[in-house]
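Asks:
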Amino acid sequence: MNIFRMAGDVAHIVSIIILLHSIETTQSVNGLSLKTQVLYTIVFISRYLDLFYRYISLYNSFMKVFYISSSIYTVYLIANKYNKSIKEHVDNFEVKYLLGPSFILGFLFNYGFTLPEILWSFSLWLEAVAILPQLFMLQKTGEAEVLTTHYIFALGLYRALYIPNWFYRYFAEDKFDKLAVLTGIIQTVIYSDFFYIYYKSAFKGKKFKLP
Amino acid sequence: ARQATEHDEL
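Quick note, the sequences are listed as chains A and B, same order.
The first sequence runs -4 to 206 under our numbering.
The second sequence runs 813 to 822 under our numbering.
(1) Of the choices A:R164, A:D169 and A:L152, whose alpha-carbon is the least far from that of I185 of chain A?
(2) Mind checking if W115 of chain A is an interface residue toward chain B, Cβ cutoff 8 Å exclusive?
(3) So, are the CB atoms of A123 of chain A and T178 of chain A less than 8 Å apart?
(4) Counting contacts by CB-CB distance shorter than 8 Å, is N55 of chain A in contact with chain B?
(5) What does the alpha-carbon distance come out to for the pair S10 of chain A and D169 of chain A?
(6) With a threshold of 8 Å between beta-carbons, can I51 of chain A be considered close to chain B, or not?
(7) For chain B, check one thing: does any of its Cβ atoms lie closer than 8 Å to the Cβ of M58 of chain A?
(8) According to the Cβ coordinates, are A125 of chain A and Y35 of chain A closer than 8 Å?
(9) Quick one: what does DSSP say F171 of chain A is sitting in, helix, strand or coil?
(10) Using 8 Å as the limit for Cβ to Cβ distance, is D4 of chain A near chain B?
(11) Taking 8 Å as the CB-CB cut-off, is A149 of chain A touching chain B?
(12) I need the DSSP call for E89 of chain A, collapsed to helix, strand or coil.
(13) Within 8 Å of any Cβ in chain B, is that where the Cβ of D188 of chain A sits?
(14) If I follow the unbroken alpha helix (DSSP H) through I73 of chain A, where does it start and stop?
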């Protein structure tokens, strides 16, 4: 495993820890999109089905279990435990416009016309756009808690770091996963606007504000 | 380059 992949996975774990930590310390899920978290749960379950029939490494299995369980737990926290602070009218992105096209793209572009491969591709497309309800919500409220912005930043950083990892693997291992690269680039582009605003507010010590 | 169908990434 190369340094970019390792750093990407660390950023992903850090993002989940920030998310859970901020929910537990503030006892609130204010500003968090339940829809985005449900989409991530769908992403992880559809992508990591191979957990049951293919062993890659202990690291790989452990991380898959961690992502599936932490995403289900997050959905539980938002939907059940702290649901009093949900403002449903703010989190009103139409997720069918993300789920439908992701499934069609997974159906059209895959490495084999089998259910696991279609679901795997679907999960990549869906992951690329799953943050949109959260960003949409941020844009509507205009402001975000510092921890929420750190969470989104770490999450965006994860896929961004996978891009140099794919370059590395292309040259060092002669391995190239065109679907992962394409969806990873789309995902990073979706975050790019956020990265820029985050960069400006984080380095000037200002409260995070979207224009 | 080999096509990556092992899906060893997360």
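All C-beta atoms in this analysis are idealised placements derived from N, C-alpha and C, irrespective of residue type, glycine included.
Replies: Let's see:
(1) A:L152
(2) yes
(3) yes
(4) yes
(5) 30 Å
(6) yes
(7) yes
(8) yes
(9) strand
(10) yes
(11) no
(12) coil
(13) no
(14) Here I73 of chain A belongs to no alpha helix (DSSP H), and DSSP marks it neither H nor E.
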